[in-house]
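Asker:
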Amino acid sequence: MVFLGLVMMPFYYISRTHSVPGYLKLRYGESTRAVGGVCFAFMTVLMSGINMYAMAAVMQVVLGWNLHFSIWVSSITVAIYVALGGLTSAIFNEVLQFFLIWLGALVIPIVGLTETGGWSGLKDRIIHNLTHGATYLHMWSTLGNFQDNPMGIQWVGIVFGLGFVISFGYWTTDFLVVQRVITTKDLRSAQMAPIIGAFFKMAVPLIVILPGLIGLGVLNSHGMTLVSANLAKPGQYTYNDVLPLLLVRYAGPGLLGLGVTALIAGFMSGMAGNVTAFATVWTYDIYRPLIRPLFRGRETVSAAVAAGGSAELNEIEAAGDDQHYLKMGRWSTIVGVLVSIGTAYLAMQFSSIMDYVQALFSFFVAPLFGTILLGMLWKRATPAGGFWGLLTGTASSVGMWAWVKVDPSALSIIALSKYAQPMAQNMYQALWSWCICVAVTVVVSYMTQPLSEDRLKGLVYGCTEIPHSRDLAWYKRPFFWGMLALVLLVVLNIMFW
Numbered sequence: 000m001v002f003l004g005l006v007m008m009p010f011y012y013i014s015r016t017h018s019v020p021g022y023l024k025l026r027y028g029e030s031t032r033a034v035g036g037v038c039f040a041f042m043t044v045l046m047s048g049i050n051m052y053a054m055a056a057v058m059q060v061v062l063g064w065n066l067h068f069s070i071w072v073s074s075i076t077v078a079i080y081v082a083l084g085g086l087t088s089a090i091f092n093e094v095l096q097f098f099l100i101w102l103g104a105l106v107i108p109i110v111g112l113t114e115t116g117g118w119s120g121l122k123d124r125i126i127h128n129l130t131h132g133a134t135y136l137h138m139w140s141t142l143g144n145f146q147d148n149p150m151g152i153q154w155v156g157i158v159f160g161l162g163f164v165i166s167f168g169y170w171t172t173d174f175l176v177v178q179r180v181i182t183t184k185d186l187r188s189a190q191m192a193p194i195i196g197a198f199f200k201m202a203v204p205l206i207v208i209l210p211g212l213i214g215l216g217v218l219n220s221h222g223m224t225l226v227s228a229n230l231a232k233p234g235q236y237t238y239n240d241v242l243p244l245l246l247v248r249y250a251g252p253g254l255l256g257l258g259v260t261a262l263i264a265g266f267m268s269g270m271a272g273n274v275t276a277f278a279t280v281w282t283y284d285i286y287r288p289l290i291r292p293l294f295r296g297r298e299t300v301s302a303a304v305a306a307g308g309s310a311e312l313n314e315i316e317a318a319g320d321d322q323h324y325l326k327m328g329r330w331s332t333i334v335g336v337l338v339s340i341g342t343a344y345l346a347m348q349f350s351s352i353m354d355y356v357q358a359l360f361s362f363f364v365a366p367l368f369g370t371i372l373l374g375m376l377w378k379r380a381t382p383a384g385g386f387w388g389l390l391t392g393t394a395s396s397v398g399m400w401a402w403v404k405v406d407p408s409a410l411s412i413i414a415l416s417k418y419a420q421p422m423a424q425n426m427y428q429a430l431w432s433w434c435i436c437v438a439v440t441v442v443v444s445y446m447t448q449p450l451s452e453d454r455l456k457g458l459v460y461g462c463t464e465i466p467h468s469r470d471l472a473w474y475k476r477p478f479f480w481g482m483l484a485l486v487l488l489v490v491l492n493i494m495f496w
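Here numbering that gives the first Met the number 0 is used: the first residue of the sequence shown is 0, the next is one more, and so on.
1. With 16 other CB atoms within 10 Å as the buried threshold, where does Trp118 fall?
2. Label Val1 either buried or exposed according to how many other C-beta atoms from any shown protein chain fall within 10 Å of its C-beta, with 16 as the threshold for buried.
3. Shortest alpha-carbon distance to Met426 belongs to which of Ala192, Thr370, Phe159?
4. If you follow the alpha helix (DSSP H) that Glu114 is part of, which residue opens it and which one closes it?
5. Tell me which residues share the same chain as Ser47 and place their Cβ nearer than 6 Å to its Cβ, disregarding the 5 neighbours each side in the sequence.
6. Rounded to whole angstroms, what is the Cα-Cα separation between Tyr324 and Pro9?
7. Give the single residue among Leu455, Thr332, Ile208, Val34 whose Cα lies nearest to the Cα of Ile79.
8. Please check the pair Met42 and Phe266, which I expect to be a contact at CB under 8 Å, by giving their CB distance rounded to whole angstroms.
9. Looking at the secondary structure, which residues open and close the alpha helix (DSSP H) in which Arg32 lies?
10. Is Leu410 closer than 9 Å to Gln190 when the C-beta atoms are compared?
11. CB-CB under 8 Å to Thr282, same chain, minus the five flanking residues each way: which ones, in chain order?
12. Just to confirm my understanding: we take Phe145, look at its own chain, exclude 5 residues before and 5 after, and list those with CB closer than 6 Å. What are they?
13. What does the Cβ neighbour count give for Asp240, buried or exposed, with the cut at 16 atoms within 10 Å?
14. Taking only the alpha-carbon atoms, compute the straight-line gap between Ala261 and Tyr445 and give it to the nearest angstrom.
15. Taking the alpha-carbon of Asp321 as reference, which of Gly341, Met347, Arg287 has the nearest alpha-carbon?
16. Is the segment 431-451 touching the segment 370-387 in the sense that three or more CB pairs, one from each, lie closer than 8 Å?
17. Per the DSSP calculation, Thr381 is bridged to which residue(s)?
18. Check whether the segment 351-365 and the segment 388-408 are in contact - that is, three or more C-beta pairs closer than 8 Å.
19. Do you know how far the Cα of Thr342 is from the Cα of Val334?
20. For Thr237, which of helix, strand or coil comes out of DSSP?
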């Protein structure tokens with residue numbers, strides 16, 4: 000997020016694009032924008048399905064509602080307020096839900112640590128309950144080899160696959176993230192938004208990782224066995240159920256309502272944001288440039304005959320386009336919700352929600368990060384290079400995933416170890432697809448004609464004059480807050496080594 004604010008945000012903001020696919024068009028051309036738009040459309044509805052399924056799981060565990068009924072209730076609710084209010088309603092709801100999430104989610108770690116006797120007591124319980132419980136209490140010390148880590152992954156996959164490719168890629172190129180930031184009033188605000196978010200992001204383990212550790216300490220000690228979601232039988236709980244199970248365990252009637260509201264608010268925010276992003280991508284990056292022109296010719300001829308002249312025709316087009324795209328955006332919102340319902344059932348087939356999320360990131364985020372990073376930092380990158388790099392990177396990631404599905408032994412080849420577990424596949428898959436994307440982009444760019452520097456103004460380092468904040472007080476500069484966030488990051492990593 001610091002990298003987004005300090006390095007990449009100036010180009011998103013100065014170019015005045017409405018989205019990441021919009022930047023792809025300006026930098027690489029319409030064909031690359033089309034590939035990126037299609038990838039984003041798939042990713043947003045797939046991610047929306049995850050939030051829908053997670054929300055339904057909370058309602059099932061805590062409230063006893065039927066899972067299928069919960070999915071439909073949540074989808075109808077989100078469809079109504081997003082279709083009526085669009086991006087503005089989604090952003091206002093996200094702000095409100097942000098506070099609900101933190102107020103409600105802090106209940107579990109506070110009460111859980113009280114029950115276990117603090118951090119030291121929790122560590123003792125985990126070590127007692129699990130044969131290799133100590134491996135869950137450190138971030139880096141167990142990453143020397145695949146056998147020592149509970150996820151079955153080694154430091155190369157964590158640092159380069161997850162830490163660099165997936166994390167950098169998500170926070171700097173994800174449609175939903177960038178779309179929110181570029182709505183700010185000026186460049187400094189656009190830079191500060193992700194940097195401020197970085198501080199909250201470092202606190203997220205308090206409401207995500209810590210409850211998982213509390214689950215290892217208190218749920219296992221009461222004879223409850225958790226299984227993978229795709230292996231669960233009726234009456235069994237899965238890894239995805241840990242948070243709502245702890246909520247039921249710790250919260251009384253009042254706190255339970257607050258906690259359930261917080262979880263539902265979080266998932267509803269994610270679903271609404273992704274549905275809004277899908278509607279924007281479909282309307283402005285797929286329908287308007289690729290599909291609408293196919294029918295525009297016949298409409299233009301009919302309108303010209305009716306109007307009797309080009310001036311009247313221009314007025315008709317200007318008046319009709321806004322209404323047309325507004326209707327298309329609302330209809331695409333409904334379609335996005337319906338497709339998300341199907342992807343919610345798809346999410347159930349994976350061993351855990353996190354495994355599914357990382358697989359999606361390796362498909363769509365990793366190659367895109369390589370394309371945009373080269374586009375912003377390397378003037379020599381050409382439109383053909385960007386197109387073929389993004390296309391081959393995405394295809395290679397999907398191909399590796401399909402290869403492992405057909406032949407599970409291929410995991411040892413992709414992750415470079417016979418001891419690798421499925422989560423390792425996602426991280427190495429992302430790393431290889433990023434490398435393929437970058438390599439193809441570089442090779443094709445050297446074989447094709449680059450754009451002139453005039454065409455690259457506002458899009459690439461070396462061709463863009465970036466406003467500086469030297470006239471601001473030091474405590475108002477994005478660079479100061481970015482460096483402070485990085486220092487805090489290093490301190491936290493040392494503390495939990």
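Where a beta carbon is used, it is the ideal one built from N, C-alpha and C, also for glycine.
Predicted model, so just to flag it, every value in this text is computed and none were measured.
Answerer: Checking against the coordinates, here is how it stands:
1. Position 119 of the sequence shown holds residue 118. By the 10 Å Cβ count, Trp118 comes out exposed.
2. Here the question's residue 1 lines up with position 2 in the sequence shown. With 16 or more Cβ atoms within 10 Å of its Cβ, Val1 is classed as buried.
3. Here residue 426 refers to the residue found at position 427 when the sequence shown is read from its first residue. Nearest of Ala192, Thr370, Phe159 to Met426, Cα basis: Phe159.
4. On the sequence shown, residue 114 is found 115 positions in, with the first residue counted as 1. Here the alpha helix (DSSP H) through Glu114 covers 106-115.
5. Counted from its first residue, the sequence shown places residue 47 at position 48. Only Met270, Asn273, Val274, Ser339 meet the Cβ criterion.
6. For the purposes of this step, residue 324 is taken as residue 325 along the sequence shown, with counting starting at 1. For the purposes of this step, residue 9 is taken as residue 10 along the sequence shown, with counting starting at 1. For Tyr324 and Pro9, the distance between alpha carbons rounds to 28 Å.
7. As a working note, residue 79 is residue 80 in the sequence shown. Ile79 has its Cα closest to that of Thr332, out of Leu455, Thr332, Ile208, Val34.
8. Reading the sequence shown from its first residue, position 43 is the one you call residue 42. Reading the sequence shown from its first residue, position 267 is the one you call residue 266. The Cβ separation is near 17 Å, so there is no contact.
9. Numbered from 1 along the sequence shown, position 33 holds the residue referred to as residue 32. Arg32 -> alpha helix (DSSP H) spans 29-57.
10. Indexing the sequence shown from 1 puts residue 190 at position 191. Indexing the sequence shown from 1 puts residue 410 at position 411. No, Cβ-Cβ distance for Gln190 and Leu410 is not below 9 Å.
11. Looking up residue 282 in the sequence shown gives position 283. Tyr324, Met327, Gly328, Ser331.
12. To locate residue 145, count along the sequence shown from 1; it is residue 146. Correct list, in chain order: Gly151, Gln153, Ser416, Tyr418, Ala419.
13. Numbered from its first residue, the sequence shown carries residue 240 at position 241. It is buried - the Cβ of Asp240 has at least 16 other Cβ atoms within 10 Å.
14. The residue you call residue 261 lines up with position 262 of the sequence shown. The residue you call residue 445 lines up with position 446 of the sequence shown. Whole-angstrom Cα-Cα distance: 51 Å.
15. Looking up residue 321 in the sequence shown gives position 322. Nearest C-alpha to Asp321: Arg287.
16. yes
17. For the purposes of this step, residue 381 is taken as the residue at position 382 of the sequence shown. Thr381 pairs with nothing; no bridge assigned.
18. yes
19. Along the sequence shown, one-based indexing puts residue 334 at 335. Along the sequence shown, one-based indexing puts residue 342 at 343. Taking the straight line joining both Cα atoms gives about 12 Å.
20. The residue given as residue 237 occupies position 238 in the sequence shown. Residue state, collapsed to three classes: strand.
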